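Here the structure is laid out as structure tokens; the discussion comes afterwards.
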Amino acid sequence: MKKVKISNKLFIFLIIIIIIWTAWLVIYKSDNIKVKVEEIYKKATEKTYVARRVIVSVDSSSILCNDMNYASFTKKEDIGFTQGQVVDIYYDGSFLLSYPGHFSNVKKIKIVKEESDYEVPDYVLQYLYSRETSIEVVECTKTGMKVKIKDSNEISYTYPNMYEISKLVENEEYTGKGEKIGKDTENSVSGFTRNRISN
Numbered sequence: 604m605k606k607v608k609i610s611n612k613l614f615i616f617l618i619i620i621i622i623i624w625t626a627w628l629v630i631y632k633s634d635n636i637k638v639k640v641e642e643i644y645k646k647a648t649e650k651t652y653v654a655r656r657v658i659v660s661v662d663s664s665s666i667l668c669n670d671m672n673y674a675s676f677t678k679k680e681d682i683g684f685t686q687g688q689v690v691d692i693y694y695d696g697s698f699l700l701s702y703p704g705h706f707s708n709v710k711k712i713k714i715v716k717e718e719s720d721y722e723v724p725d726y727v728l729q730y731l732y733s734r735e736t737s738i739e740v741v742e743c744t745k746t747g748m749k750v751k752i753k754d755s756n757e758i759s760y761t762y763p764n765m766y767e768i769s770k771l772v773e774n775e776e777y778t779g780k781g782e783k784i785g786k787d788t789e790n791s792v793s794g795f796t797r798n799r800i801s802n
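Under the numbering used here, the residues of the sequence shown are numbered 604 to 802, in order.
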């Protein structure tokens with residue numbers, strides 16, 4: 604058997620190729636592992652919850668559900684929501700603290716059933732249809748006041764018998780400009796610090 608001699612230059616060239624190929628494999632594999640780990644972590648931390656609700660009211664960008672919570676959607680996500688539909692709301696499991704409440708980070712709203720025999724409670728109807736109301740102060744004294752309430756809602760609202768009278772006074776620390784609190788988002792406008800206090 605004849606021995607084949609490999610020149611020093613060819614041997615060095617082969618070693619360099621093997622080193623480059625090995626380094627490329629290590630980098631490629633480690634990047635893939637990193638991506639897979641990131642995907643697994645993302646899936647684990649972004650758990651999706653599903654809430655089944657009945658729609659009691661619809662506007663251009665949200666639905667009000669039977670539990671007095673809103674779920675927002677974009678124009679593209681509007682799949683023909685109407686009052687009385689049963690829907691599944693996919694969200695991150697938390698609610699925004701407001702009244703009515705809001706489902707946080709709504710990912711999808713799916714229509715499960717077109718009609719429901721759910722009877723909307725009076726307190727929800729009162730919230731929905733208590734817009735046509737005016738309250739006029741007829742007489743105001745140190746001991747009490749008379750008010751005239753005009754309520755032309757379909758379902759009349761329940762009004763309290765006790766009211767508080769406050770006097771608006773200028774806040775001495777007010778600089779002349781309100782300071783913005785937080786940032787505006789697609790679905791909300793941030794508030795301002797108050798420029799008046801009441802006594």
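The beta carbon of each residue, even a glycine, is placed where N, CA and C say it ideally should be.
Just so you know, these numbers come straight off a predicted model, no measurement behind them.
- Task: Report the rounded CA-to-CA distance for E767 versus K711, giving the unit in angstroms.
- Result: Taking the sequence shown and counting its residues from 1, one reaches residue 767 at position 164. Taking the sequence shown and counting its residues from 1, one reaches residue 711 at position 108. Each residue's Cα considered, the two are about 43 Å apart.
- Message: Quick check on the DSSP output: the alpha helix (DSSP H) that includes Y730 runs from which residue to which?
- Response: Within the sequence shown, residue 730 is the residue found at index 127, counting from 1. Looking at the DSSP string, the run of the alpha helix (DSSP H) that includes Y730 is 725-731.
- Item | Contacting residues, own chain, Cβ-Cβ under 8 Å from Q686 (five flanking each side not counted) | Counting from 1 along the sequence shown, the entry for residue 686 is found at position 83. Closer than 8 Å at Cβ, skipping near neighbours: I658, V659, S660, V661.
- Message: I need the straight-line Cα distance from I630 to E641, nearest angstrom please.
- Response: Within the sequence shown, numbered from 1, the residue matching residue 630 stands at position 27. Within the sequence shown, numbered from 1, the residue matching residue 641 stands at position 38. Approximately 16 Å, taken between the alpha carbons.
- Message: My output table needs one value for I682: the three-state DSSP class, helix, strand or coil.
- Response: For the purposes of this step, residue 682 is identified with residue 79 of the sequence shown, where counting begins at 1. Under the three-state reduction of DSSP, I682 is assigned to coil, being neither helix nor strand.
- Query: Hey, V689 and S665: beta-carbon distance below 7 Å or not?
  - Reply: Taking the first residue of the sequence shown as 1, we reach residue 689 at position 86. Taking the first residue of the sequence shown as 1, we reach residue 665 at position 62. For V689 and S665, no; Cβs fall outside 7 Å.
- Excluding the 5 residues preceding and the 5 following I714 in the sequence, name in chain order all residues of the same chain whose CB lies nearer than 7 Å to its CB. For the purposes of this step, residue 714 is taken as residue 111 along the sequence shown, with counting starting at 1. I682, Q688, V690, listed in sequence order.
- Task: Check E767 in the structure and name its three-state DSSP category.
- Result: For the purposes of this step, residue 767 is taken as residue 164 along the sequence shown, with counting starting at 1. Coil.
- Using three-state DSSP, classify N611 as helix, strand or coil. On the sequence shown, residue 611 is found 8 positions in, with the first residue counted as 1. In the structure shown, N611 sits in a helix (DSSP, three-state: H, G or I).
- Alpha carbon of Y693 to alpha carbon of R655, nearest angstrom: Working through the sequence shown from its first residue, we reach residue 693 at position 90. Working through the sequence shown from its first residue, we reach residue 655 at position 52. Approximately 9 Å, taken between the alpha carbons.
- Does the Cβ-Cβ distance between D725 and N708 come in under 7 Å? Residue mapping note: residue 725 aligns to position 122 of the sequence shown, counting from 1. Residue mapping note: residue 708 aligns to position 105 of the sequence shown, counting from 1. Their beta carbons are not under 7 Å apart, which means D725 does not touch N708 by this criterion.
- Query: So, V742 versus K753, is the Cβ gap smaller than 7 Å?
  - Reply: Position 139 of the sequence shown, counting from 1, holds the residue named residue 742. Position 150 of the sequence shown, counting from 1, holds the residue named residue 753. In the sequence on display, residue 742 carries Glu and not Val. Taking 7 Å as the Cβ cut-off, E742 and K753 do not qualify as a contacting pair.
- For L613, collect the residues of the same chain with a Cβ closer than 7 Å to its Cβ; drop the 5 residues on either side in sequence, then sort them by chain order. Here residue 613 refers to the residue found at position 10 when the sequence shown is read from its first residue. Result list for L613: empty, nothing under 7 Å.
- Message: I'd like the list of long-range same chain contacts for Y652, defined as Cβ closer than 8 Å, with 5 residues on each side in sequence excluded.
- Response: Counting from 1 along the sequence shown, the entry for residue 652 is found at position 49. Non-local C-beta neighbours of Y652 in its own chain, meaning closer than 8 Å and more than five positions away in sequence, comprise Y693, Y694, D695, G696, ordered along the chain.
- Task: In angstroms with no decimal places, state the Cα-to-Cα distance between N802 and D670.
- Result: Here residue 802 refers to the residue found at position 199 when the sequence shown is read from its first residue. Here residue 670 refers to the residue found at position 67 when the sequence shown is read from its first residue. Only weak support is given to the placement of N802: the predicted model assigns it a pLDDT of 41, under 50, and the value that follows is read from those uncertain coordinates. Taking the straight line joining both Cα atoms gives about 36 Å.
- Closer than 6 Å: M765 CB and nearest the ligand ADP heavy atom: The model depicted lacks the ligand ADP and carries no ligand whatsoever.
- Residue from V740, I619, K678 with nearest C-alpha to S563: In the structure displayed, the chain extends from 604 to 802; residue 563 sits before or after that span and is not available.
- Query: By DSSP, does L617 sit in helix, in strand, or in coil?
  - Reply: Numbered from its first residue, the sequence shown carries residue 617 at position 14. Helix at L617.
- Task: Excluding the 5 residues preceding and the 5 following E717 in the sequence, name in chain order all residues of the same chain whose CB lies nearer than 7 Å to its CB.
- Result: Looking up residue 717 in the sequence shown gives position 114. Answer for E717: Q688, listed in chain order.
- Below 8 Å on the Cβ atoms is my guess for Y732 versus P703; work out the distance and round it to an integer in Å. Here residue 732 refers to the residue found at position 129 of the sequence shown. Here residue 703 refers to the residue found at position 100 of the sequence shown. That pair is no contact at about 14 Å.
- Task: Would you tell me roughly how many angstroms separate the C-alpha atoms of F698 and K751, rounded to the nearest one?
- Result: Taking the first residue of the sequence shown as position 1, residue 698 is located at position 95. Taking the first residue of the sequence shown as position 1, residue 751 is located at position 148. Spanning the two alpha carbons is a distance of roughly 37 Å.
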